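Counting with mature numbering (1 follows the signal peptide of the UniProt record, and there is no 0), you get residues -49 to -1, 1 to 293 for the letters of the sequence shown. Glycine included, each C-beta is placed from N, C-alpha and C at the ideal position. All figures in this text were calculated on a predicted structure; none of them were measured in a lab. To start, the structure itself, in structure tokens.
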Amino acid sequence: MRFGRSAVSGAAQSGRSARRGWSARLSAAAAILAIPTAAAVAIPTVAQAAPVFGPVHRTPAGGYEELMVPSSMGPVKVQVQWASNGGDRALYLLDGLRARDDRNAWSFETNAMQQFANDNITVVMPVGGQSSWYADWTSASNTNGQKYTYKWETFLTKELPDFLAGYGVSRTKNAVAGLSMSGPAALRLAAYNRGMFKHASSFSGPLNWNAPGMREAIRVMMLDAGRFNVDSLAAPWSPAWLRMDPAVFAPQLKGLPMYISAASGLPGQHDNPNSAAAVFNTSTAMGIEALSMVTTRLFQQRLNSLGITSAVYDFPANGTHTWKYWEDELWKARPHILAALG
């Protein structure tokens, strides 16, 4: 993985770090998040992008790398599949509530990299951020001894694009997609950074944060996924909290191409439970997806009330809160993403 200063002459340094990834067991009442598992393999290389005024180092077009990117949170691992023909566009794929420290689940739970392998677009998959909502927190979580304060929005909109600019990736020609926890985050990042993101996708995201009981549901989810404290994210009903509610920042999405989806929660082609544990997990995923669908429908109504018509919606009749359905939705979103990025 690349770390340190990029040696244009070919010198390399070594370094490692990991952030965190995910899996899922939430109660339906706790609502709306994700369920990954297993692993993937990659061969790390080393070096860091040098001054951001021009590309100084790039792997062969279409290659895969793991970068260690400096940030205010410490080095953050980022998995990257470079554009097939060296293009400067990028798609940021954000992980879910139980994001792991070693891999972004898009890289091993789905065929996301294969979907874009022949496209002239770089796939960027940040690693870590369990229970973070990809936000800038007001303080470190005090319920699990967190040693630093999450500053994910700063990382994704400033530190990471500045770093990638040294590899020839544009700061202004990007798309962002998220599922579950990162669905509202993807929309938020695009809403507040219109100069950076040209398209945003939300798959099965909780898109109404101020519905009755939603904050406490989020509290339960975050305690379950790493014992994180929602009050460290933002104080109840504070400006910082309201800023993260898609229904509140919806006006800032006007004119932004979007792809927004959630399924009914009824089992479909990817649900084949063959054990008692699998039946339990499927039933949980059914309830969570149904709640995701309700909040997504409410968000659709909110956009309609604002006269925002730039979103494409998909509400499949079958599908639970699991990765293979998000893989399907990414494939459906793909032509819209590519069109928005030109």
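So what does DSSP say about residue i, is it helix, strand or coil?
{"i": "HIS287", "result": "helix"}
{"i": "PHE67", "result": "coil"}
{"i": "VAL20", "result": "strand"}
{"i": "MET244", "result": "helix"}
{"i": "PRO77", "result": "strand"}
{"i": "SER256", "result": "helix"}
{"i": "ALA262", "result": "strand"}
{"i": "VAL120", "result": "coil"}
{"i": "SER183", "result": "helix"}
{"i": "ASP222", "result": "coil"}
{"i": "SER212", "result": "strand"}
{"i": "residue 301", "result": "Summary: the structure shown does not reach residue 301, with the chain confined to residues -49 through 293, and so no result is reported for it."}
{"i": "TYR276", "result": "helix"}
{"i": "SER(-33)", "result": "Reliability fails at SER(-33), whose pLDDT of 38 lies under 50, so the model's placement of it is uncertain and the value that follows must be treated cautiously. If DSSP states are grouped into helix, strand and coil, SER(-33) belongs with coil."}
Between residue i and residue j, which are expected to be in contact by the criterion C-beta below 8 Å, what is the C-beta distance as a whole number of angstroms?
{"i": "THR73", "j": "ALA41", "result": "4 Å"}
{"i": "PHE106", "j": "ALA142", "result": "17 Å between Cβ atoms; not a contact."}
{"i": "SER153", "j": "ALA137", "result": "6 Å"}
{"i": "MET195", "j": "LEU48", "result": "MET195 to LEU48, Cβ: 15 Å. No contact."}
{"i": "TYR99", "j": "MET24", "result": "5 Å"}
{"i": "residue 303", "j": "TRP103", "result": "Because the chain is modelled from -49 through 293, residue 303 falls outside the range shown and cannot be assessed."}
{"i": "SER183", "j": "ALA91", "result": "6 Å"}
{"i": "ALA15", "j": "VAL127", "result": "Sequence check: residue 15 is Tyr here, not Ala. In fact, because the Cβ distance is near 20 Å, the residues do not count as touching under 8 Å."}
{"i": "TYR210", "j": "VAL245", "result": "With a Cβ gap of about 19 Å, TYR210 and VAL245 do not count as contacting."}
{"i": "LEU140", "j": "THR108", "result": "6 Å"}
{"i": "ASP53", "j": "LYS124", "result": "Actually they are not in contact, since the Cβ atoms of ASP53 and LYS124 sit about 29 Å apart, beyond 8 Å."}
{"i": "LEU207", "j": "ALA151", "result": "6 Å"}
{"i": "GLU110", "j": "SER226", "result": "With a Cβ gap of about 43 Å, GLU110 and SER226 do not count as contacting."}
Please classify residue i: is it buried, with 16 or more other beta-carbons within 10 angstroms of its beta-carbon, or exposed?
{"i": "ARG178", "result": "exposed"}
{"i": "ALA284", "result": "buried"}
{"i": "PRO77", "result": "buried"}
{"i": "ASN55", "result": "buried"}
{"i": "TRP188", "result": "exposed"}
{"i": "LYS149", "result": "buried"}
{"i": "PRO202", "result": "exposed"}
{"i": "residue 340", "result": "Lying before the first or after the last residue shown, residue 340 is absent from the chain, which here runs from -49 to 293."}
{"i": "TRP282", "result": "exposed"}
{"i": "LYS28", "result": "buried"}
{"i": "PHE67", "result": "buried"}
{"i": "ASN144", "result": "buried"}
{"i": "GLN81", "result": "buried"}
{"i": "ALA186", "result": "exposed"}
{"i": "VAL181", "result": "buried"}
{"i": "ASN232", "result": "buried"}
{"i": "GLY146", "result": "exposed"}
{"i": "GLY293", "result": "exposed"}
{"i": "PRO197", "result": "buried"}
{"i": "GLN252", "result": "exposed"}
{"i": "GLY117", "result": "buried"}
{"i": "VAL120", "result": "buried"}
{"i": "GLY79", "result": "buried"}
{"i": "GLY164", "result": "exposed"}
{"i": "SER212", "result": "buried"}
{"i": "ALA12", "result": "exposed"}
{"i": "GLY96", "result": "exposed"}
{"i": "GLN65", "result": "exposed"}
{"i": "GLN220", "result": "exposed"}
{"i": "THR260", "result": "exposed"}
Let's see if you can read the secondary structure: which residues bound the beta strand (DSSP E) around residue i?
{"i": "SER175", "result": "In the sequence on display, residue 175 carries Asp and not Ser. No beta strand (DSSP E) contains ASP175, which is instead part of the alpha helix (DSSP H) from 165 to 175."}
{"i": "TYR43", "result": "40 to 44"}
{"i": "GLY129", "result": "125 to 130"}
{"i": "SER133", "result": "No beta strand (DSSP E) contains SER133, which is instead part of the alpha helix (DSSP H) from 133 to 143."}
{"i": "ALA151", "result": "148 to 154"}
{"i": "GLN30", "result": "27 to 32"}
Can you name the start and end residues of the alpha helix (DSSP H) that residue i belongs to?
{"i": "ASP113", "result": "111 to 116"}
{"i": "TRP57", "result": "57 to 60"}
{"i": "LEU193", "result": "190 to 194"}
{"i": "PRO197", "result": "197 to 200"}
With respect to 8 Å, is the separation between the Cβ of residue i and the closest non-hydrogen atom of the ligand COA below this value?
{"i": "VAL78", "result": "Of ligands this structure carries none, so the ligand COA is not represented either."}
May I ask you to verify whether the region 154 to 162 touches the region 125 to 140, counting CB pairs closer than 8 Å and requiring at least 3? In this structure the region 154 to 162 touches the region 125 to 140; the number of beta carbon pairs closer than 8 Å is three or more.
Does the count of Cβ pairs from the region 211 to 220 and the region 264 to 281 closer than 8 Å reach three? Taking 8 Å as the limit for Cβ pairs, the verdict is that the region 264 to 281 does touch the region 211 to 220.
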